[in-house]
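Following my numbering, the numbering of the sequence shown begins with 5 at its first residue and continues without gaps.
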Amino acid sequence: MTASTPHVLIAGAGPVGMMSALALGRAGIRVTLIESAAGLNRDLRASTFHPPTLDMLAKYGLTTALIEQGLVARFTQQRDRTQGVIAEFDLSQLSGLTDHPFRLQCEQWKLTDLIMAQLSQLPQVTVLFDNRVESVSQTESSVCVGIRKGDALQSLHGDYLIGADGAWSAVRTQLGIAFEGYTYPERFLVVSTPFEYADHMPHLSYVNYCSDPHEWCVLLRVPTLWRVLFPTKEDETDEQVLTDESVQTRLQRLLPQSEDYTVVHRTLYKVHQRVAQHFRQGRVFLAGDAAHINNPLGGMGMNGGIHDAMNLCEKLMAVLQHGAHAEVLDLYEKQRRTIAIEYINASTARNKKEIEERDPVLRQKNHDELRALAADPISSLAYLRKTSMIDALERAKALT
Ligand SMILES: Cc1cc2nc3c(=O)[nH]c(=O)nc-3n(C[C@H](O)[C@H](O)[C@H](O)COP(=O)(O)OP(=O)(O)OC[C@H]3O[C@@H](n4cnc5c(N)ncnc54)[C@H](O)[C@@H]3O)c2cc1C
Numbered sequence: 005m006t007a008s009t010p011h012v013l014i015a016g017a018g019p020v021g022m023m024s025a026l027a028l029g030r031a032g033i034r035v036t037l038i039e040s041a042a043g044l045n046r047d048l049r050a051s052t053f054h055p056p057t058l059d060m061l062a063k064y065g066l067t068t069a070l071i072e073q074g075l076v077a078r079f080t081q082q083r084d085r086t087q088g089v090i091a092e093f094d095l096s097q098l099s100g101l102t103d104h105p106f107r108l109q110c111e112q113w114k115l116t117d118l119i120m121a122q123l124s125q126l127p128q129v130t131v132l133f134d135n136r137v138e139s140v141s142q143t144e145s146s147v148c149v150g151i152r153k154g155d156a157l158q159s160l161h162g163d164y165l166i167g168a169d170g171a172w173s174a175v176r177t178q179l180g181i182a183f184e185g186y187t188y189p190e191r192f193l194v195v196s197t198p199f200e201y202a203d204h205m206p207h208l209s210y211v212n213y214c215s216d217p218h219e220w221c222v223l224l225r226v227p228t229l230w231r232v233l234f235p236t237k238e239d240e241t242d243e244q245v246l247t248d249e250s251v252q253t254r255l256q257r258l259l260p261q262s263e264d265y266t267v268v269h270r271t272l273y274k275v276h277q278r279v280a281q282h283f284r285q286g287r288v289f290l291a292g293d294a295a296h297i298n299n300p301l302g303g304m305g306m307n308g309g310i311h312d313a314m315n316l317c318e319k320l321m322a323v324l325q326h327g328a329h330a331e332v333l334d335l336y337e338k339q340r341r342t343i344a345i346e347y348i349n350a351s352t353a354r355n356k357k358e359i360e361e362r363d364p365v366l367r368q369k370n371h372d373e374l375r376a377l378a379a380d381p382i383s384s385l386a387y388l389r390k391t392s393m394i395d396a397l398e399r400a401k402a403l404t
């Protein structure tokens with residue numbers, strides 16, 4: 005490596021920053037990844053990998069290892085809490101469009117652990133834990149970040165900076181970029197339990213969206229647990245929602261049992277639909293949650309962020325290594341911001357509206373439409389292309 009070796013700085017070692025570091029590092033680009041936490045995050049967050057994401061990860065030898073640690077979900081279901089299955093969709097219909105015609109149910113931290121093992125073999129990639137990006141400045145030819153480790157401050161210089169530092173992105177704030185959208189008034193509760201729902205709810209798949217006029221829920225399987233997502237009421241305090249009694253009441257309402265449920269994790273979080281006004285400012289880019297956040301109905305947050313990372317890194321490699329004009333980088337915002345607005349935010353907002361619908365006439369209409377979609381092979385393929393994010397990637401490619 006010489007002083008002229010291109011150098012990309014990345015803020016944030018979540019799945020988006022880590023994938024960016026791997027893509028650029030494997031291409032021989034010098035990378036410094038700056039993470040404020042002491043290590044990689046191990047929280048239970050995203051748990052669904054969509055087919056095109058698995059295709060992307062396969063190029064880095066990650067998909068096989070993830071499949072070994074996850075569950076292959078060939079089917080997804082739209083259910084009603086009282087009526088049971090409304091419609092089932094078979095992802096094997098996507099064969100021919102993807103090498104992975106299924107969803108993979110696997111915790112996101114398993115991906116970042118696998119990437120870390122690869123990064124440690126790449127001498128051109130440096131990972132700095134316990135270092136927080138606090139300031140960002142740039143000239144026409146370089147970018148500089150001010151980072152803090154305890155009381156010590158230092159500056160790092162690079163050719164480009166990727167802000168993959170999550171929903172509260174310091175990079176986005178430093179650039180003064182607005183994060184447009186809204187926050188839902190209710191919070192979402194995720195409860196994890198080893199209880200085997202499939203033994204008690206006939207024909208349950210690994211991914212189940214259950215509509216209900218009073219309390220919808222999502223039932224998602226990961227290898228050792230079921231994760232149940234509930235909305236909370238606006239007037240419940242965090243303390244009230246998180247008590248054992250309240251968690252047990254919600255679980256018992258969903259499926260009454262004579263004994264209490266074993267609860268392994270409970271997480272309560274605010275949910276937003278927001279997209280940054282710009283994804284690029286000069287030599288600085290926003291990707292993943294730093295650029296767009298959305299509700300989890302559809303599993304598009306992490307997946308969309310990985311798609312951002314792959315799109316951006318391909319363009320950075322073209323500019324830094326293959327002499328492409330820097331204008332090519334403008335396409336990143338055009339392509340990925342459009343997808344964040346038109347697909348990711350639009351579909352997740354629609355999914356929430358449908359799952360929580362209270363009007364009996366509209367509920368019936370939604371159910372009838374889902375049944376009709378699932379019964380017709382052409383319509384169900386169109387539905388699967390959209391929900392698996394294949395259409396979104398094709399749309400992005402068409403934006404030139
Ligand atoms: C409870 C929950 C459930 C979810 N379920 C799903 C799901 O089913 N499917 C799905 O696709 N998505 C889901 N998501 C969203 C998904 O987890 C995120 O979209 C994903 O983690 C985004 O990755 P990221 O790398 O952009 O950001 P993050 O994972 O947030 O990573 C950002 C990193 O930046 C670091 N950082 C922050 N500030 C700084 C700074 N100033 N300097 C340096 N480092 C910094 C943070 O410590 C963190 O490690 C869920 C999220 C939550 C909270």
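A virtual CB, placed ideally from N, CA and C, is assigned to each residue, including glycine.
Can you give the Cα-Cα distance for Trp220 and Gln256, rounded to whole angstroms? 14 Å
To the nearest angstrom, report how far apart Leu66 and Arg354 are at their CA atoms. 32 Å
Kindly confirm or deny that the region 198 to 208 and the region 40 to 49 touch, where touching means at least three C-beta pairs closer than 8 Å. Not touching, per the Cβ criterion.
Under 7 Å Cβ to Cβ from Thr3, same chain only, skipping five residues before and after it: list those, please. Outside the shown range of the chain, which is 5 to 404, sits residue 3, and nothing can be said about it.
Could you spell out the range, first to last residue, of the alpha helix (DSSP H) harbouring Gln252? 248 to 258
Looking at the structure shown, is Val268 part of a helix, part of a strand, or coil, going by DSSP? coil
Are the CB atoms of Gly309 and Pro19 nearer to each other than 8 Å? yes
Could you give the first and the last residue of the continuous beta strand (DSSP E) run that contains Gln158? 156 to 162
By the DSSP assignment, the alpha helix (DSSP H) with Cys317 in it spans what residues? For Cys317, the enclosing alpha helix (DSSP H) stretches over residues 305 to 326.
Would you call the CB atoms of Arg78 and Ser99 closer than 8 Å? no
With a CB to CB cut of under 6 Å and the five nearest residues on each side skipped, what residues in its chain are close to Leu301? Thr352, Asn355, Lys356
Since His371 is in the alpha helix (DSSP H), which residue starts that stretch and which ends it? Following the DSSP letters along the chain, one finds His371 inside the alpha helix (DSSP H) bounded by residues 364 to 379.
Would Ile348 be called buried (16 or more neighbouring beta carbons within 10 Å of its own) or exposed? Result: buried.
Which residues bound the alpha helix (DSSP H) around Ser351? 350 to 359
With hydrogens ignored, establish whether the beta-carbon of Met393 is closer than 7 Å to any heavy atom of ligand 1. no
Could you check which residue in Ile119, Leu224, Ser141, Val279 has the C-alpha nearest to that of Gly185? Considering only alpha carbons, the answer is Val279.
Buried or exposed: Lys114, going by 16 or more other Cβ atoms within 10 Å of its Cβ? buried
Can you tell me whether Asp312 is buried or exposed, with buried defined as 16 or more other CB within 10 angstroms of its CB? buried
Comparing C-alpha positions only, which one of Ile71, Arg85, Pro127, Asp94 sits nearest to Gly29? Pro127
Cβ of Asp169 within 7 Å of any heavy atom in ligand 1? yes
Could you give the first and the last residue of the continuous beta strand (DSSP E) run that contains Glu200? No beta strand (DSSP E) holds Glu200; DSSP gives it neither H nor E.
Please name the residue or residues paired with Gln277 in a DSSP beta bridge. Tyr186
Give a single yes or no on whether Ala17 has its beta carbon closer than 7 Å to a heavy atom of ligand 1. yes
Please state whether DSSP places Ala121 in a helix, a strand or coil. helix
From His276, Val275, Ala291, Lys274, residue whose alpha carbon lies closest to that of His282: Nearest option by C-alpha distance: Ala291.
Ends of the beta strand (DSSP E) at Glu337? Run containing Glu337: none in the beta strand (DSSP E); it sits in the alpha helix (DSSP H), 334 to 343.
Within the same chain, show all residues whose beta-carbon is closer than 7 Å to that of Ala62, passing over the 5 residues directly before and after it, in chain order. Asp103
At a cut-off of 7 Å, would you count Ile348 as near ligand 1, judging by its Cβ distance to the nearest heavy atom? The closest heavy atom of ligand 1 lies 7 Å or more from the beta carbon of Ile348.
Buried or exposed for Ala121, please, with buried defined as at least 16 other CB atoms from any protein chain shown within 10 angstroms of its CB. Exposed: under 16 other Cβ atoms inside 10 Å.
If you reduce the DSSP assignment to three classes, tell me which class Ile297 lands in. strand
Under the three-state DSSP convention, the category Gln285 falls into: Three-state result, Gln285: strand.
Any heavy atom of ligand 1 closer than 7 Å to the beta-carbon of Asn45? yes
Among Gln87, Leu333, His218, whose alpha-carbon lies nearest the alpha-carbon of Ser315? At residue 315 the sequence reads Asn, which differs from the Ser that was named. With respect to the C-alpha of Asn315, the residue from Gln87, Leu333, His218 having the closest C-alpha is Leu333.
Less than 8 Å between the CB atoms is what I'm expecting for Ala15 and Val137, so what's the real figure, rounded? 4 Å
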